[in-house]
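Visitor:
There are 6 protein chains.
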Amino acid sequence: MTAEVLVNDRLKLAQDKARVLQEALPWMTRWAGQTLVVKYGGNALARTPLDRSEGGRPEDGETNTALTPTDTGPGEDPSFARDIALLHSVGVRVVVVHGGGPQISQLADRLGLETAFVDGRRVTDAPTLQAVQMALLGQVNPMLVRMISDAGAPAVGVAGTDSSQVIAVQHDPRMGFVGRVDHVDPQLLDQMLDSGRIPVMATLCSTADGQTVNVNADEVAGAVAQALGADKLIYLTNVAGLYENFGTPDSTLLSEVGVGRLRQMIADDELVTGMIPKVASIVAALDGGVPQAHLLDGRIEHAILLEIFTDSGIGTMILPEPAP
Amino acid sequence: MTAEVLVNDRLKLAQDKARVLQEALPWMTRWAGQTLVVKYGGNALARTPLDRSEGGRPEDGETNTALTPTDTGPGEDPSFARDIALLHSVGVRVVVVHGGGPQISQLADRLGLETAFVDGRRVTDAPTLQAVQMALLGQVNPMLVRMISDAGAPAVGVAGTDSSQVIAVQHDPRMGFVGRVDHVDPQLLDQMLDSGRIPVMATLCSTADGQTVNVNADEVAGAVAQALGADKLIYLTNVAGLYENFGTPDSTLLSEVGVGRLRQMIADDELVTGMIPKVASIVAALDGGVPQAHLLDGRIEHAILLEIFTDSGIGTMILPEPAP
Amino acid sequence: MTAEVLVNDRLKLAQDKARVLQEALPWMTRWAGQTLVVKYGGNALARTPLDRSEGGRPEDGETNTALTPTDTGPGEDPSFARDIALLHSVGVRVVVVHGGGPQISQLADRLGLETAFVDGRRVTDAPTLQAVQMALLGQVNPMLVRMISDAGAPAVGVAGTDSSQVIAVQHDPRMGFVGRVDHVDPQLLDQMLDSGRIPVMATLCSTADGQTVNVNADEVAGAVAQALGADKLIYLTNVAGLYENFGTPDSTLLSEVGVGRLRQMIADDELVTGMIPKVASIVAALDGGVPQAHLLDGRIEHAILLEIFTDSGIGTMILPEPAP
Amino acid sequence: MTAEVLVNDRLKLAQDKARVLQEALPWMTRWAGQTLVVKYGGNALARTPLDRSEGGRPEDGETNTALTPTDTGPGEDPSFARDIALLHSVGVRVVVVHGGGPQISQLADRLGLETAFVDGRRVTDAPTLQAVQMALLGQVNPMLVRMISDAGAPAVGVAGTDSSQVIAVQHDPRMGFVGRVDHVDPQLLDQMLDSGRIPVMATLCSTADGQTVNVNADEVAGAVAQALGADKLIYLTNVAGLYENFGTPDSTLLSEVGVGRLRQMIADDELVTGMIPKVASIVAALDGGVPQAHLLDGRIEHAILLEIFTDSGIGTMILPEPAP
Amino acid sequence: MTAEVLVNDRLKLAQDKARVLQEALPWMTRWAGQTLVVKYGGNALARTPLDRSEGGRPEDGETNTALTPTDTGPGEDPSFARDIALLHSVGVRVVVVHGGGPQISQLADRLGLETAFVDGRRVTDAPTLQAVQMALLGQVNPMLVRMISDAGAPAVGVAGTDSSQVIAVQHDPRMGFVGRVDHVDPQLLDQMLDSGRIPVMATLCSTADGQTVNVNADEVAGAVAQALGADKLIYLTNVAGLYENFGTPDSTLLSEVGVGRLRQMIADDELVTGMIPKVASIVAALDGGVPQAHLLDGRIEHAILLEIFTDSGIGTMILPEPAP
Amino acid sequence: MTAEVLVNDRLKLAQDKARVLQEALPWMTRWAGQTLVVKYGGNALARTPLDRSEGGRPEDGETNTALTPTDTGPGEDPSFARDIALLHSVGVRVVVVHGGGPQISQLADRLGLETAFVDGRRVTDAPTLQAVQMALLGQVNPMLVRMISDAGAPAVGVAGTDSSQVIAVQHDPRMGFVGRVDHVDPQLLDQMLDSGRIPVMATLCSTADGQTVNVNADEVAGAVAQALGADKLIYLTNVAGLYENFGTPDSTLLSEVGVGRLRQMIADDELVTGMIPKVASIVAALDGGVPQAHLLDGRIEHAILLEIFTDSGIGTMILPEPAP
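Keeping their order, the protein sequence lines are chains A, B, C, D, E and F.
Read in order, the letters of the first sequence are residues 580 to 903 in this note's numbering.
Read in order, the letters of the second sequence are residues 580 to 903 in this note's numbering.
Read in order, the letters of the third sequence are residues 580 to 903 in this note's numbering.
Read in order, the letters of the fourth sequence are residues 580 to 903 in this note's numbering.
Read in order, the letters of the fifth sequence are residues 580 to 903 in this note's numbering.
Read in order, the letters of the sixth sequence are residues 580 to 903 in this note's numbering.
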């Protein structure tokens, strides 16, 4: 009948949980009201209803390289959506930018689209662009919106073409309907963030004369972060981070690195193909005022949460000034 | 050298145009700031890059009925997008709701999906739902957004699932992932309209427990109009309007009709199948406070503009009180 | 009974009108939200109920010069008011600034006011100032407000003295109660424009110590345009525009001219008296940041509409940089 | 050198003034943020520059009656303008509504307008309406705006026709362009009050089809007070207030009276002609929710200030419920 | 070097914490934006620098009753402040209302104030009121503000007398300067909550004529909750909750009870003295629209957090409708 | 019965008062919307209920110097509160900052606190800090709030510790819990001023790591004025102002002085101890952008009102530029 009676095992367990919440409090305070752009790869979503027969295919420019020494099979990642929802609950303004390489490849296969090549690179002709739209807007984007909604947060699917918010240029007409970001108008995203929503962006963009083109999602994420004045830019990928002396016995994961070192890596051709757009986009975003970027291994459960709410130090953080 | 010299043919032509603008002025004043929901069928967009080989297929519940005595081949309709942009320019708040029956059917064929039937009606199983998403979100929606953007107005693609703004119930589990509208939260649409954008909505909706379902676009349009407190609800279809004594020699197009007569048509089973969801949605919307609805023939160029800015009297207007 | 039946002559005519609206769409989009200051002369309104007996008198500094080779009789101009209303309907922020020379002269005559002269110029003594107020505030201003209101737009009469929004200095005390603009506080006009109204301004202004003075309407229009950060400044007058070699057989209407050429015209004394305040005000406004000004012949019906919504190229456009 | 030295006569005088300010404090607190509509007659402004030769003429329906036993010569009243400015300074929202009977009569005389009569009442034909506009908008209104501006407060001249804010009906077409108030749209006045300005309203109003008509200023003041939800309605006139047994030896000034007694006075024909529109407007305004009205003698210096900031009890206060 | 390497013990521990955060997510979503009023007793703060020599004294009306079978020594409670800060971090709008019985008693002792009694109850005379102000405003309130600030949240000390936000009546003049709540103006609290602050309220209140009086903190908390339209009202006390058959061998803690049962307890005199103001305030608050109240044992660490973010079910919840 | 009858003595007296209000009008207009920070010393409030036995004690750093030749007994000063309320009524934004030296000393005596000394200066140890809090937050602050509230204005008590709005540093740890201002976050004060309240600030402040310290009220007032961008900073003290040749037969009160002269006074050690913090704070505030400061004798009734609303020229005004 006394209070001591209540201090039973169940209460102790509950109090343990309360203590964890308390430990997270300073981080919640730190990040509330901050803007976070997360680039999410299409790999993790590869096992969709249309994708039962085989393992996930590598997303373009991400996994068919020697950079990915592990062979973790990608799969559904509800922890990602729930982490995004948790960040939203504590007042973080989150934008998700996604690609969808595996889904595009699968769909092109199923539709029997023949692929043209120029200089060995796949050309995005009109039927392929149609498949890109169906894969990104019709598969990956609604699945992410649904997953985040299921986790309790108001996600809204958007495309770079909505309100022509991401304007691109077709950098090489021979490659077809692919482009590079020219500039981003952050107004629509800002309005959504201001009214407490989570924009989930597919990377179809518009050229100045109204043509739809596909743009690399790493690049869009960096440009969006810069246009929004984001406080952090996170790339979820399937590698542990950046390495010093990658591919040698002395290979070491870099936990923090300055943007100058990244410039050098690009100049010295140290990066595997799939990392180049990520690293170049990070360099551009940090040059454009984003104060920090992070390369995280999306295969680790709750990777974002660990990065934001603990100092467990997974992945590689990139800062504007060279780390000492 | 005198002003008379300027009054040449070119000037006269320009002044004729100025007079037309002046004639439209009272209508612009009348509709500025008003909210308009337009339901646009998928037929008009059927000739997409994936759709080269044959004529457009009938959208579900629209054309495989005796109601459509004409056999106009559907095709691209840039005048629709430009009319929407013009309405936007003069301050009308426009929401476009679209279906995409032909595109869904085509894609299901191309993907080789086998169709299950219950009581003779097609079941929307998981692979079919996937095809619906790809057709609506990956084909029709971005094409409408692009066309309206090309016409100079800031269109934004949305789905009923965004921010769970349209909540549906699965009315018959045997039919799979299709639903009926339960309620609409107009906040996201209102914010977009307030900031001068044109939402273009695909009719994928969420159930209360997070399942995505497809809902008839006629029904969604009516429910959205009611939730927004819209001033007018327009269905663009491929018939001239509603007829008295349809199918008889005395068949007469009704230019204005009260909602009571519509109720009677439903009760007396006077309507062909494809018109039932439209008419039922109009009855529900008018009962819910929408002051007028319109059935227009979308095959007539500038049909919406004619209806809004002239009194040429095309189509059938439905009013809350029975017409005398 | 088919849709084809509807495609009759009436429909074709309506569709022709719809096409004209569509042609105007890019211009509507271009000018929506822009601010336009229009200076309207008192000539066009000269046939007021008090002005039945004779033809309109020339407005001060506008028509008793050799610049006006035509002898067009001024009269009521409802097309002006309807054009202003149309601009308002499509989202243009319009301010009308007007003078009223003919009305002032007429009223002074009727009141039997004797005119004093200094250096051959008429002195605005106290009784004359009273007549100016009655003519501008009691005749011209309410007539313009009524005409624009009749055309369906919410016009509001204002004076430079309201809230002391236009502060003037008495430049030559011997000339009596006339002044030059010192500065303009745009807040009241901005609030009216923000709430969707059309301010119609009479050019009575206040000195710093509270004296009411009359100011040349051309000058007020330019100063108001500059203070509002207007996007365009239009002078409606009764000449076709500016001429090269005016008064010679080689006289040519300039369709576009740089502000430098205007400075030269003033320096070289090329202008007839009545054009000097217009041209000087345009130079000042363009120097103050207004990006373009236009001299239009107000006697051409729908002159403003032609200038804003077509590229028929009537009148003379003046740009900050010299035209090539 | 001590503080006592400072306590000299000058300081004492200043402290006396400070005490007066302190006495007014509760009244300032009471009225801050409240809305006050003041009807100001044209008599007080009759000695304008056009009006030098003779004494002020009686305003229509105000002084050519036996109600005004005193023969105070009207004249300029700067204390009125300064009182309005003081009320504005302490946060009262003030609207001034004015007539201008003497100015209209004078101007009609000067312009040699012949007066038509119907049933012995003067007809407002088109030339007379023109004279009304010139007298009200061109003389009285700008003079009041200037006087209040000189007293340091931001006055703005408005007319009932601006933005068609006061809609009237022509009650008797034989009487010409005079009307009765139909309804008032308070939005423009509210915006001006919200941005800290003092609207000064001339009583030209619009009919529904755009005709300008003159309306009795007493009636407009009451209708404006009701539409604004004003907290007090004041009529400044040239009588001391309402009397019991007026015109008899027992005549007594009523310092407070209920609206019921006013109704009775109208029914029993106790009022002289000039008071009828005032009393009828007060009855209508109080019935419409205005909580109190006041009839004050405008010839008493600082009459409004005394009424608002002291309880000296001048004039007659009218309350919704009959005074006991 | 692989991701597996990272999945070490440290990572596992971090992921355990992430899972706890995830478990709390639905509760965060549930309570974000909701308003919570917490009444905090003075006991827990009794060990202040002035209070070193002995154990905490019972707060008035809380512990000198048989209701408190346990003898837990009160002490500093940093977990309370950190829980409040955590609630704030996740978007809960929190108001803290506190008393300070022990601190008042101690200070009165130290100041050697003699206590007068009326009917056996202590009288709050002027020196005692001074001591109450010093204890509440000078000790308890700043300590709570500091503790919550230390926990990272922006606390602001307020009193019921600030802006006269809590108006009280002196219910029994013989008792001196104590009162009962008459009404609460929630505007100041709402503004603070809207700008993201945590008001911490001491229960000094004002009478209508400006006298400061002390009011029972339980009563103030209930009235504030009602005025704010709070979503939950929590009393932190030093008992486990409400009991059925209190004081008998069958005594049972009620985990949920309807307000009807509370009414009965008051009517049947079942409550010990100290619980009466709490229970009466809860009844009034629930009658006034507060949807739920909670009696919690403040001696349990993280008691509020457990109640809000888990369903561990400590204490007694009171609901408007009788629990079945 | 005529209006003349009303012009009796009572009316004349009322009109005299109206004229005083009119004289104050330009000053009201001048100061409306301006921000004023007033530092009020604790002396004037020394006769509190706890303080009956003896005369008021000197506030720290104010009166135990030769600067105060007069021996005016301090006492309650309701005129101060009413002046603050009057300023508020006419739209001045007022912040009151107060100390409380006499109250602190008295309370420390009554609590029998022993005072430690370092270098001859009193040390603020923990028990003394507690007494400071009780004196400032529990006595002086609520008394000022009550007095201003009684005068009809919405005062709100605040401390520098609220929302950590004044951050201080402990300048000499040996002196205990006293500090110097580091910086002020004006947001909370601005919000209160924006919503029409009068913040009354006690000078308890927070260090960056959460320790409460006491700070000299003169210094806090200056720092708050600077952070708010105040238009005027007033120190109410018990001297007539600053003197030239203080303490000599040539002593002359300075009615206006430049900040340069103040710098020289500090450098030349011309000031008595108690004036140093005031003068140094004024120098800092004027350097930080406050355009004028004033030293007034708070013993003169209505001192602030005289300074703000008349040009009687009491006290010393300090301006950024040296007075000529």
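For each residue, glycine too, the CB sits at the ideal point set by N, CA and C.
Computed from a predicted model, the values in this text were never measured in an experiment.
To which residues does DSSP link N793/C through a beta bridge?
Guide: Per DSSP, V757/C, L783/C.
Visitor: Check Q876/C in the structure and name its three-state DSSP category.
Guide: The sequence shown places Asp at residue 876/C, not Gln. The answer is strand: DSSP assigns D876/C an E or B state.
Visitor: Consult DSSP for H677/F and reduce its assignment to one of helix, strand or coil.
Guide: H677/F falls in the strand class under three-state DSSP.
Visitor: Can you look up H667/C in the DSSP assignment and give me helix, strand or coil?
Guide: H667/C: helix per DSSP, three-state reduction.
Visitor: What does the alpha-carbon distance come out to for the pair L807/E and V675/E?
Guide: For L807/E and V675/E, the distance between alpha carbons rounds to 13 Å.
Visitor: What's the gap between the Cα of M726/C and the Cα of H873/C?
Guide: Their Cα atoms are separated by approximately 23 Å.
Visitor: In the DSSP assignment, what residue or residues form a beta bridge with M896/E?
Guide: According to DSSP, which records beta bridges pairwise, M896/E is partnered with E835/E, H873/E.
Visitor: What whole-angstrom Cβ distance do S834/F and R776/E have, given they're in contact under 8 Å?
Guide: Not a contact, Cβ separation roughly 43 Å.
Visitor: Applying the 10 Å Cβ sphere with the 16-neighbour rule, what's the burial state of P657/C?
Guide: Exposed: under 16 other Cβ atoms inside 10 Å.
Visitor: Where S860/F and M896/F are concerned, what is the direct C-alpha to C-alpha distance, given to the nearest angstrom?
Guide: Cα-Cα distance, rounded: 14 Å.
Visitor: Taking the straight line between their C-alpha atoms, what separation do you get for L767/B and V735/B?
Guide: Distance between the alpha carbons of L767/B and V735/B is about 11 Å.
Visitor: Could you please give me the residues that DSSP links to R700/D through a beta bridge?
Guide: Paired residue(s): V697/D.
Visitor: Does chain F have any CB closer than 9 Å to the CB of A597/D?
Guide: For A597/D, the answer is yes, since a Cβ of chain F falls inside 9 Å of its Cβ.
Visitor: For L884/F, does the count of other Cβ atoms within 10 angstroms reach 16, so buried, or fall short, so exposed?
Guide: Buried.
Visitor: According to DSSP, simplified to helix, strand and coil, what is R842/F?
Guide: In this structure, R842/F counts as helix in the three-state DSSP scheme.
Visitor: Give the DSSP-derived three-state secondary structure of R636/A in the structure shown.
Guide: Bear in mind that the predicted position of R636/A carries a pLDDT of just 33, short of 50, making it unreliable; the figure below should be weighed with that in mind. R636/A: coil per DSSP, three-state reduction.
Visitor: Report the partner residues of A734/F according to the DSSP bridge assignment.
Guide: For A734/F, which the question treats as bridged, DSSP gives the partners I777/F.
Visitor: Give me the subset of the segment 717-740 of chain D whose CB atoms are less than 8 Å from a CB atom of chain C, sorted by chain position.
Guide: Against chain C - using a Cβ distance shorter than 8 Å - the residues of the segment 717-740 of chain D are G717, Q718, N720, P721, V724, R725, S728, D729, P733, A734, V735, G736, V737, A738, T740.
Visitor: Using the beta-carbon count (16 or more within 10 Å), is K591/F buried or exposed?
Guide: Result: exposed.
Visitor: Spell out whether any CB of chain D is found under 9 Å from the CB atom of L850/F.
Guide: Chain D, which has no Cβ nearer than 9 Å to the Cβ of L850/F, makes this no.
Visitor: Rounded to the nearest angstrom, what separates T644/C and G680/C at their Cα positions?
Guide: Below a pLDDT of 50, predicted positions are generally treated as unreliable, and T644/C, at 28, falls in that range; the measurement from the model is reported next regardless. Going by the C-alpha atoms only, they are around 14 Å apart.
Visitor: One question on the structure: do V702/C and R759/C come within less than 9 Å of each other, judged by their Cβ atoms?
Guide: Cβ atoms of V702/C and R759/C: not closer than 9 Å.
Visitor: Using a C-beta cutoff of 9 Å, does F756/E count as contacting chain A?
Guide: Taking Cβ atoms only, chain A never reaches closer than 9 Å to F756/E, which makes this a no.
Visitor: Using 8 Å for Cβ pairs, my map puts T816/E next to Y822/E. What's the rounded Cβ distance?
Guide: Contact flag wrong, Cβ pair sits at about 13 Å.
Visitor: List the residues that DSSP assigns as beta-bridge partners of E823/E.
Guide: Per DSSP, T831/E.
Visitor: Is it true that the CB of A819/E sits closer than 9 Å to the CB of L812/E?
Guide: Contact flag unset, no.
Visitor: Are S684/D and T608/F closer than 9 Å when you measure CB to CB?
Guide: Taking 9 Å as the Cβ cut-off, S684/D and T608/F do not qualify as a contacting pair.
Visitor: How about T791/F and L708/F: are their beta carbons less than 9 Å apart?
Guide: Yes. Within cutoff.
Visitor: Could you pull out every residue in the same chain whose Cβ sits closer than 7 Å to the Cβ of L850/B, ignoring the five residues on either side in sequence?
Guide: Taken in chain order, the residues that qualify are M844, V858.
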